[in-house]
Amino acid sequence: MNSPLEDRLRDALKEAGSSLDPAMICPLRTPGRRPVPRGFLYVAAAAVAGAVAVLWLGVPGAGGQRVATVPDTAAVEGDELAVFLCSPSEAYRPTCGGRDVTGAQKQAVESYLRGRPGVTQVRFVNREESYRRFRQEYAGQERILNRYTAADLPESYRVRVKPNADRQRLLEEVRGLQGVGLSVDLATLSSASRQRAGEELSAFLCMSGSTSSACGKKPRAATPAQKKAALAAIKELPGIVSVYFESRQEAFDDFRDAYAENKTLTDATRVEDMPESFRIILREGADRKKVAEALERLPGVAMVIDQRCLNQTFILTAEYGIREPKVC
Numbered sequence: 007m008n009s010p011l012e013d014r015l016r017d018a019l020k021e022a023g024s025s026l027d028p029a030m031i032c033p034l035r036t037p038g039r040r041p042v043p044r045g046f047l048y049v050a051a052a053a054v055a056g057a058v059a060v061l062w063l064g065v066p067g068a069g070g071q072r073v074a075t076v077p078d079t080a081a082v083e084g085d086e087l088a089v090f091l092c093s094p095s096e097a098y099r100p101t102c103g104g105r106d107v108t109g110a111q112k113q114a115v116e117s118y119l120r121g122r123p124g125v126t127q128v129r130f131v132n133r134e135e136s137y138r139r140f141r142q143e144y145a146g147q148e149r150i151l152n153r154y155t156a157a158d159l160p161e162s163y164r165v166r167v168k169p170n171a172d173r174q175r176l177l178e179e180v181r182g183l184q185g186v187g188l189s190v191d192l193a194t195l196s197s198a199s200r201q202r203a204g205e206e207l208s209a210f211l212c213m214s215g216s217t218s219s220a221c222g223k224k225p226r227a228a229t230p231a232q233k234k235a236a237l238a239a240i241k242e243l244p245g246i247v248s249v250y251f252e253s254r255q256e257a258f259d260d261f262r263d264a265y266a267e268n269k270t271l272t273d274a275t276r277v278e279d280m281p282e283s284f285r286i287i288l289r290e291g292a293d294r295k296k297v298a299e300a301l302e303r304l305p306g307v308a309m310v311i312d313q314r315c316l317n318q319t320f321i322l323t324a325e326y327g328i329r330e331p332k333v334c
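Here you go:
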């Protein structure tokens with residue numbers, strides 16, 4: 007069963023003629039400051055100029071103060087577009103039918119890219135080159151390195167365009183080509199995604215009609231008593247540095263401010279769509295898995311998201327074309 011928000015977004019997308027691509031993950035930045043990612047709102051959302059499956063917001067500042075954020079959409083010629091080609095990987099089955107890209111399809115995709123207005127460079131990246139860079143970037147992180155081989159990384163084209171080029175239009179056109187499994191604008195891969203977000207975990211609370219099994223067969227919103235008990239329990243967990251409660255209205259206000267120019271998305275969103283949550287900062291070296299499991303057992307908690315893991319997931323998809331990363 008879809009949520010009211012998903013239904014409104016689907017209708018808005020149909021009217022706008024866009025399509026949902028779960029790979030388009032949009033980080034947000036704080037203007038003029040070091041990018042600060044803040045938790046994770048797991049909402050199936052979309053924008054007219056390109057689908058957004060995951061919305062990133064900023065962390066509360068010191069002392070619980072809010073940090074205003076706006077989307078970072080600026081792109082320069084050095085920001086590449088990544089066009090990942092079809093792979094027999096199960097994760098690419100929905101778009102590629104489980105088939106690898108053919109030589110003829112590769113040539114057709116490259117020719118198309120080189121002929122598009124505004125394109126200044128097209129570079130082919132084979133699996134071996136991608137895997138070599140992957141091994142270098144994650145050197146010492148055996149948990150990730152042991153999960154993937156060169157065969158798991160698709161071939162790709164890296165495309166540079168002029169600053170005034172219509173990047174989104176090019177991405178949408180490329181997605182329709184045979185042999186293309188995924189396309190991503192790496193301008194969205196801000197430095198925010200490479201930070202550990204203060205070791206943050208986000209515990210989202212149950213809402214009326216929630217689809218989370220943790221909220222029961224007849225889900226209801228977390229009660230004041232449950233929220234009070236959860237807060238007390240969180241403060242007793244090992245490795246907790248701080249905890250901040252975010253109300254629906256706070257989440258909604260930040261969301262509207264951040265996406266003020268995205269009318270389709272903001273018009274489809276209501277205060278009641280936003281879950282309440284606890285934003286938890288962990289001490290370096292704390293047992294993240296143990297804390298997350300303890301949070302998941304608290305009555306009234308629908309979902310727990312590990313921001314560090316989410317950042318890693320985004321990087322693996324955007325830079326290496328690894329869909330459904332196995333890091334969480």
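When we follow the working numbering, the leftmost residue of the sequence shown carries the number 7, and every step to the right adds one. Here a beta-carbon is modelled for each residue, glycine too, at the ideal position from N, C-alpha and C.
Using the rule of at least 16 other Cβ atoms within 10 Å of the residue's Cβ for burial, across every protein chain shown, is residue i buried or exposed?
i: residue 317; result: buried
i: residue 331; result: buried
i: residue 233; result: buried
i: residue 319; result: buried
i: residue 29; result: At residue 29, the pLDDT of 39 sits below 50, so the modelled position is not reliable and the matter cannot be decided from this model.
i: residue 268; result: buried
i: residue 214; result: exposed
i: residue 182; result: exposed
i: residue 136; result: buried
i: residue 117; result: exposed
i: residue 110; result: exposed
i: residue 313; result: buried
i: residue 323; result: buried
i: residue 155; result: exposed
i: residue 270; result: buried
Between the Cα of residue i and the Cα atoms of the options, which residue gives the shortest distance?
i: residue 236; options: 297, 122 and 131; result: 297
i: residue 217; options: 309, 110 and 293; result: 309
i: residue 159; options: 98, 224 and 253; result: 98
i: residue 126; options: 137, 323 and 168; result: 168
i: residue 115; options: 96, 186 and 279; result: 186
i: residue 243; options: 274, 124 and 207; result: 207
i: residue 278; options: 323, 226, 266 and 111; result: 226
i: residue 157; options: 181, 106 and 272; result: 106
i: residue 306; options: 212, 325 and 94; result: 212
i: residue 325; options: 254, 117, 124 and 138; result: 138
i: residue 123; options: 111, 94, 110 and 170; result: 170
i: residue 280; options: 264, 299 and 254; result: 254
i: residue 222; options: 190, 304, 184 and 111; result: 304
i: residue 163; options: 193, 120, 152 and 154; result: 120
i: residue 188; options: 315, 142, 151 and 95; result: 95
i: residue 184; options: 190, 264, 321 and 112; result: 112
i: residue 321; options: 153, 108, 311 and 192; result: 192
i: residue 333; options: 108, 134, 150 and 142; result: 150
For residue i and residue j, which I take to be in contact (beta-carbon distance under 8 Å), what is that distance rounded to the nearest angstrom?
i: residue 302; j: residue 220; result: 7 Å
i: residue 86; j: residue 165; result: 6 Å
i: residue 240; j: residue 286; result: 6 Å
i: residue 228; j: residue 282; result: 7 Å
i: residue 128; j: residue 161; result: Wrong, their Cβ atoms sit about 13 Å apart, outside the cutoff.
i: residue 209; j: residue 284; result: 4 Å
i: residue 266; j: residue 275; result: Not quite, the Cβ-Cβ distance comes to about 12 Å (not below 8 Å), so this is no contact.
Per the DSSP calculation, residue i is bridged to which residue(s)?
i: residue 252; result: 283
i: residue 312; result: 207
i: residue 119; result: DSSP, once it has assigned bridges, lists no residue as partnering residue 119.
i: residue 189; result: 89
i: residue 130; result: 163
i: residue 297; result: Per DSSP, none; premise fails for residue 297.
i: residue 277; result: None; residue 277 has no bridge partner.
i: residue 246; result: 288
i: residue 333; result: For residue 333, which the question treats as bridged, DSSP gives no partner whatsoever.
i: residue 307; result: 211
i: residue 125; result: 167
Are at least three pairs of beta-carbons, each pair with one atom in the region 236–248 and one in the region 258–272, less than 8 Å apart? Judged by Cβ distances under 8 Å, the region 236–248 makes no contact with the region 258–272, as fewer than three pairs qualify.
Under 8 Å: do the region 141–160 and the region 172–185 share three or more Cβ pairs, one atom per stretch? As far as the Cβ criterion goes, the region 141–160 does not touch the region 172–185, which means the pair count is below three.
When the Cβ atoms of the region 319–330 are set against those of the region 89–98, are three or more pairs found closer than 8 Å? They touch, by the three-pair rule.
Evaluate contact between the region 287–295 and the region 101–116, counting only Cβ atoms and requiring at least three cross-stretch pairs below 8 Å. No, they do not touch.
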